[in-house]
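Residue numbers (our numbering): 135 to 487. A virtual CB, placed ideally from N, CA and C, is assigned to each residue, including glycine.
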Amino acid sequence: MLMLCTSTASFAQLSIEDCYAKAKANYPLIKQYDLIEQARDYNLSNVARIWLPQVQLSAKATYQSEVTQIPIDFSTLKPLLGDNLPLIPELSKNQYGATVEVSQTIWDGGVTGAKRESIRAKAGTEQKNLEVSLYAVNERVNQLFFGILLFDAMLGQNRLFQDELQRNYDRVSSCMQNGIANASDLDVVKVEQLKAKQNRTQIEHNRKASVETLSALIGEKIEENTCFQKPDVRQPFIREIQRPELAFFDAQYKNLDAATKEIKAGLMPKLGLFITGGYGKPGLNMLKDDFFAYYIGGICLTWNFSNFYTKKNNLNLIESNRNAIQIQRETFLFNTLLHKTGKENEIDKYREL
135 MLMLCTSTAS
145 FAQLSIEDCY
155 AKAKANYPLI
165 KQYDLIEQAR
175 DYNLSNVARI
185 WLPQVQLSAK
195 ATYQSEVTQI
205 PIDFSTLKPL
215 LGDNLPLIPE
225 LSKNQYGATV
235 EVSQTIWDGG
245 VTGAKRESIR
255 AKAGTEQKNL
265 EVSLYAVNER
275 VNQLFFGILL
285 FDAMLGQNRL
295 FQDELQRNYD
305 RVSSCMQNGI
315 ANASDLDVVK
325 VEQLKAKQNR
335 TQIEHNRKAS
345 VETLSALIGE
355 KIEENTCFQK
365 PDVRQPFIRE
375 IQRPELAFFD
385 AQYKNLDAAT
395 KEIKAGLMPK
405 LGLFITGGYG
415 KPGLNMLKDD
425 FFAYYIGGIC
435 LTWNFSNFYT
445 KKNNLNLIES
455 NRNAIQIQRE
465 TFLFNTLLHK
475 TGKENEIDKY
485 REL
């Protein structure tokens, strides 16, 4: 059935913008947004825990080939000290120890901040890539929605054609009664009427299939009396390219910027506090061959110079990836501009008609 949009409230109105929003909300991939945000929050939470005190427990039992000795021959002092010579116990070659170390980072060279930025940039890139995938849903909506509008127009033309055939049928029938036309002339009109009816049936079936497909896509039943609103072609055409792919390219650039900051932060030294408590044989006093408890506290500076070995290659790799993204962006803009130019010419042509 051909539905004509009127201002009466008895017909449900459905615009292409409504279909865009409903199809996006109904598409299963939209659930990926929440998963991306959850992963981002978990990773940010893990990075924040770097600033919590770090606790490390270690224990060991060893046997060593030599032990500490004092290189003094006390027997030479016997004439002076007599029997009061100092006794230096011989240390055991079996040694045992257990320690607990608590360390607290004071300054990490900006590594934590760089990791946070990298995590956010990665999540942003994944979200923009998801929007590119969801944009394909709009293309499918366009095909179905405008296909339905085309079927409606074809049904309107078919109705007018059948009305014209009916007038021809009535005129030929009148001529037959007056002896001006014969039965073969009327048969020709009947054949055309049959073709028109068959064509109408085919159009109605195609329209019904498109409506059902669009209904499944937006996740909502479309009633038979629904009126599909034609977009206003008088609205100004947006000349600027606004596609989610461009936002995806920008997000990739930000991801590379964050990776660069992370590499540079890894070149900086790290400063922290620590305290170590232990129990072992011997303790800190190596001359007492027995079990003792002890502790050590202080400030420590660490600097991993091995990161300088790969700095240049890593930065060059990032720059290479940046150039690759730029080429992809330029290629996309080139192809999109060609397609857009053709569509603009078509729109201008229809506006002048």
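{"Query": "Taking the beta strand (DSSP E) that G502 belongs to, which residues open and close that run?", "Result": "With the chain represented from 135 up to 487, any question about residue 502 goes unanswered, as that position is not in the structure."}
{"Query": "Kindly give me the distance between the Cβ atoms of L351 and R301, rounded to whole angstroms, as I take these residues to be in contact under 8 Å.", "Result": "Wrong, their Cβ atoms sit about 41 Å apart, outside the cutoff."}
{"Query": "DSSP puts Q261 in a beta bridge; with which residues?", "Result": "Looking at the DSSP assignment, Q261 forms no beta bridge with any residue, so it has no partner."}
{"Query": "Determine which residues share a DSSP beta bridge with D192 and list them.", "Result": "The identity of residue 192 in the sequence shown is Ser, whereas the question assumes Asp. The partner list for S192 (beta bridge, DSSP) reads T233."}
{"Query": "Q188 to F426, Cα distance in whole Å?", "Result": "25 Å"}
{"Query": "Compute the beta-carbon to beta-carbon distance between S308 and L320, rounded to the nearest angstrom, for a pair I have assumed lies under 8 Å.", "Result": "No, S308 and L320 are not in contact; Cβ-Cβ is about 11 Å, not under 8 Å."}
{"Query": "Using C-beta distances below 7 Å, list every residue in its chain close to Q386, excluding the 5 sequence neighbours before and after it, in chain order.", "Result": "T259 and I459"}
{"Query": "For the beta strand (DSSP E) containing T410, name the first residue and the last one.", "Result": "K404 to K415"}
{"Query": "Taking the straight line between their C-alpha atoms, what separation do you get for A257 and N180?", "Result": "15 Å"}
{"Query": "If the criterion is Cβ atoms closer than 8 Å, does the pair N177 and I253 meet it?", "Result": "yes"}
{"Query": "If you follow the beta strand (DSSP E) that I337 is in, where does it begin and where does it stop?", "Result": "No beta strand (DSSP E) contains I337, which is instead part of the alpha helix (DSSP H) from A317 to I352."}
{"Query": "Tell me whether R341 is buried or exposed, calling it buried when 16 or more other Cβ atoms sit within 10 Å of its Cβ.", "Result": "buried"}
{"Query": "Does the beta-carbon distance from T233 to M420 come in below 8 Å?", "Result": "no"}
{"Query": "Who are the near neighbours of T196 in its chain, counting only those whose CB is closer than 7 Å to its CB and skipping five residues on each side?", "Result": "Q229"}
{"Query": "Assuming L449 and I240 form a contact by the criterion Cβ under 8 Å, report the distance between their Cβ atoms to the nearest whole angstrom.", "Result": "Between I240 and L449 the Cβ distance is about 28 Å, and since that is not below 8 Å, they are no contact."}
{"Query": "For Q296, list the residues DSSP reports as bridge partners.", "Result": "None; Q296 has no bridge partner."}
{"Query": "Just the Cα atoms here: how many angstroms apart are K87 and R174?", "Result": "As shown, the chain starts at 135 and ends at 487. That puts residue 87 outside it, with no answer to give."}
{"Query": "Starting from A157, trace the alpha helix (DSSP H) in both directions and tell me its first and last residue.", "Result": "I150 to N160"}
{"Query": "Can you tell me whether Q363 is helix, strand or coil according to DSSP?", "Result": "coil"}
{"Query": "Enumerate in chain order the residues of its own chain whose CB-to-CB distance from R250 is below 7 Å, with the five nearest sequence positions on each side excluded.", "Result": "L178 and V181"}
{"Query": "I430: buried (16+ other C-beta within 10 angstroms of its C-beta) or exposed?", "Result": "exposed"}
{"Query": "Could you name the residues of the same chain whose beta carbon sits closer than 8 Å to that of F295, not counting the 5 residues immediately before and after it, in chain order?", "Result": "A330"}
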